[in-house]
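For the sequence shown, full-length UniProt numbering assigns the number 1 to the initial residue and increments by one for each residue that follows. The beta-carbon is built from N, C-alpha and C at its ideal position, and this holds for glycine as well. Keep in mind that this is a model prediction, so the values were computed, not measured. I have placed the structure first, in the form of structure tokens, so that the comments after it can refer back to it.
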Amino acid sequence: NLSGISNNRIVSFNLSDIGEGISEVIIKEWFVNIGDHVQQFDNICEVQSDKASVTITSRYDGEIKKIYYNVDDTAKVGQPLIDILIESDDSSTAESEPEKPKIIVMSVDDDGKQSENSSSNDNSQDYLGGGGNGGKIITTPAVRRIAMEHKVNLNNINGTGKDGRILKEDVLEYLERISQQKQQESQPAMDENVSSAKTDQTTKTAKMEKLPKIPIDQQQNRIEPFSSITKGMVKTMTKSLNVPHFGLSEEIDLTRLVELRPEMRKISEDKNVQISFMPFFIKSASLALNEYPILNSKIDLLNEKIIYQYSHNIGVAMDTKQGLLVPNIKNVNQMTILDIAMELNRLQQLGQKGQLGMDDLSGGTFTLSNIGS
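Put into structure tokens, the structure is as follows:
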């Protein structure tokens, strides 16, 4: 099929914004090699930010032609990860006829809300209008799924397919433009900082060249770059110095708790859950936050307001193979001791495997130090 061959093209798959203001990640593992064939949503690689590990999935069907990074390299958001040889939607549509795939017609009302009507391609009137004609958007379910996953309003995209139909390439090219715009917006400030740093470094180098050289035994020193987790720890601990610190020590008689724990263990063992003293302390902290909600609040300096947070998302410091991390248990104020123990066990298991996700590590409102068992 010569028309199908002519429609093949190589596209660069860029690293998308994974949120939380992250601009770069470390490549931890590749799940594909050059020459492999992948489909949409297949795993491509695992990356590590300064907060969590994230698995990157493919947005294309095609063959891997180039991989831009090795394991442990630093990848920038908005820059290419891989090149993929893909086949245009137009060719695949031509080959599949006359099977006539199911089409989703997206109608846009005056308020900008989308509604969908599903139909087979037997009625040619379903195609009338296209992406920018008569307020109707016509696309396939696969394209609509991509748009929904990336929170793209299809009304903002001009379809290049037959009768204005929105193709997969239209959505992907729109995403690329948005990613490049974000990258360009942040680039001037980065360039200015780099230029200033180079000037300072040149000045320092010139001064150092005038000093006498003193031999140093470099074998006594070992230098290694920050890991992404270490970088995040340094940033967080430095930021914490802006918070006023104070110390308070109290002694509490836990005799009744020690007596209660064996009874709770009988219940937890039936559910295959290990229960330590920590779930009791977490629940106790939540009850105390009900009495003193100011301790679960945060400051909005811009608007000069105090935000009293309803949810008690209590973080627990854990020693993992990636370093000290603080995942949090969401909505402790609505959980039982056994619920807390089950969630704590889950987080501990993920921490031991190095698989704590962004959702586990973000959104905390209060933190406890983990005293262990």
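Do lysine 65 and isoleucine 44 come within 8 Å of each other at the CB atom, strictly closer than that value?
As a first step, residue 44 must be located in the sequence shown, where it is residue number 44. As a first step, residue 65 must be located in the sequence shown, where it is residue number 65. Not in contact: isoleucine 44 and lysine 65 (Cβ atoms no closer than 8 Å).
Using a 10 Å radius around the Cβ and a threshold of 16 neighbouring Cβ atoms, would you call methionine 237 buried or exposed?
Residue numbering aside, residue 237 sits at position 237 when the sequence shown is read from its first letter. Per the 10 Å Cβ criterion, exposed.
Measure the CB-CB distance between arginine 59 and isoleucine 146 and report whether it falls below 8 Å.
Along the sequence shown, one-based indexing puts residue 59 at 59. Along the sequence shown, one-based indexing puts residue 146 at 146. Cβ atoms of arginine 59 and isoleucine 146: closer than 8 Å.
List the residues that DSSP assigns as beta-bridge partners of methionine 233.
In the sequence shown, the residue the question calls residue 233 occupies position 233. DSSP, once it has assigned bridges, lists no residue as partnering methionine 233.
Taking the alpha-carbon positions, what's the methionine 342 to methionine 264 distance?
As a position in the sequence shown, residue 342 is number 342, starting the count at 1. As a position in the sequence shown, residue 264 is number 264, starting the count at 1. Going by the C-alpha atoms only, they are around 13 Å apart.
Contact under 8 Å by Cβ, leucine 347 with leucine 356
As a first step, residue 347 is located in the sequence shown; it is residue number 347 there, counting from the start. As a first step, residue 356 is located in the sequence shown; it is residue number 356 there, counting from the start. Yes, these two residues count as a Cβ contact at 8 Å.
Taking the alpha carbon of glutamate 63 as the point to measure from, which residue in Asp72, Tyr292, Thr55 and Gly35 has its own alpha carbon closest?
As a working note, residue 63 is residue 63 in the sequence shown. It is Gly35 whose Cα lies nearest to the Cα of glutamate 63.
Please state whether the Cβ-Cβ distance between leucine 368 and leucine 325 is less than 8 Å.
By one-based count along the sequence shown, residue 368 stands at place 368. By one-based count along the sequence shown, residue 325 stands at place 325. No, these two residues do not count as a Cβ contact at 8 Å.
Let's test the definition: count the other Cβ atoms within 10 Å of the Cβ of serine 240 and tell me whether it reaches 16, buried, or not, exposed.
As a working note, residue 240 is residue 240 in the sequence shown. Flag for serine 240 reads exposed.
Does the Cβ-Cβ distance between glutamine 183 and glycine 78 come in under 8 Å?
On the sequence shown, position 183 is the one that residue 183 refers to. On the sequence shown, position 78 is the one that residue 78 refers to. Taking 8 Å as the Cβ cut-off, glutamine 183 and glycine 78 qualify as a contacting pair.
By alpha-carbon positions, which one of Lys51, Glu176, Glu29 and Ala142 ends up nearest to valine 11?
As a first step, residue 11 must be located in the sequence shown, where it is residue number 11. Checked all of Lys51, Glu176, Glu29 and Ala142; the closest Cα to valine 11 is Glu176.
With distances taken between CB atoms, is the gap from valine 332 to lysine 283 smaller than 8 Å?
Position 332 of the sequence shown, counted from the first residue, corresponds to residue 332. Position 283 of the sequence shown, counted from the first residue, corresponds to residue 283. A contact, by the Cβ cut-off of 8 Å.
With the cut-off set at 8 Å, would you say threonine 230 and glycine 363 are in Cβ contact?
Working through the sequence shown from its first residue, we reach residue 230 at position 230. Working through the sequence shown from its first residue, we reach residue 363 at position 363. Contact flag unset, no.
Beta-carbon spacing of phenylalanine 366, leucine 287 below 8 Å
Indexing the sequence shown from 1 puts residue 366 at position 366. Indexing the sequence shown from 1 puts residue 287 at position 287. Against a cut-off of 8 Å, the Cβ pair of leucine 287 and phenylalanine 366 comes out as no contact.
Residue burial classification, phenylalanine 13 (beta-carbon count within 10 angstroms, cutoff 16)
Walking along the sequence shown from the start, residue 13 turns up at place 13. Classification for phenylalanine 13: buried.
Which of the three DSSP states, helix, strand or coil, is assigned to arginine 346?
Here residue 346 refers to the residue found at position 346 when the sequence shown is read from its first residue. Arginine 346 falls in the helix class under three-state DSSP.
For a minimum of 3 consecutive residues, which ranges assigned as the beta strand (DSSP E) are wholly contained in the UniProt domain "Lipoyl-binding" (10-85)?
24-30, 43-48, 53-57, 62-67 and 74-76
Where does leucine 15 land, buried or exposed, given buried means 16+ other C-beta within 10 angstroms?
Stepping through the sequence shown from its first residue, residue 15 is reached at position 15. Result: buried.
Whose CA, out of Leu248, Ile307 and Met233, lies closest to the CA of aspartate 50?
Position 50 of the sequence shown, counting from 1, holds the residue named residue 50. Checked all of Leu248, Ile307 and Met233; the closest Cα to aspartate 50 is Met233.
For isoleucine 18, I'd like the list of residues in its chain whose CB is within less than 6 Å of its CB, leaving aside the five on either flank, ordered along the chain.
Counting from one through the sequence shown, the residue named residue 18 turns up at place 18. Closer than 6 Å at Cβ, skipping near neighbours: Val54.
So for lysine 239, helix, strand or coil by DSSP?
As a first step, residue 239 is located in the sequence shown; it is residue number 239 there, counting from the start. Reduced to three states, the DSSP call for lysine 239 is helix.
Threonine 320 - partner residues in DSSP beta bridges
By 1-based counting over the sequence shown, the position of residue 320 is 320. Note: threonine 320 sits in a beta bridge opposite Gly323.
Best match in Asn153, Ile138 and Val152 for proximity to threonine 160 [C-alpha to C-alpha]
Counting from 1 along the sequence shown, the entry for residue 160 is found at position 160. When each option's Cα is compared against that of threonine 160, the closest is Ile138.
Integer Cβ distance of isoleucine 329 from isoleucine 340, believed to fall under 8 Å
Along the sequence shown, read from residue 1 onward, the residue named residue 329 stands at position 329. Along the sequence shown, read from residue 1 onward, the residue named residue 340 stands at position 340. That pair is a contact at about 6 Å.
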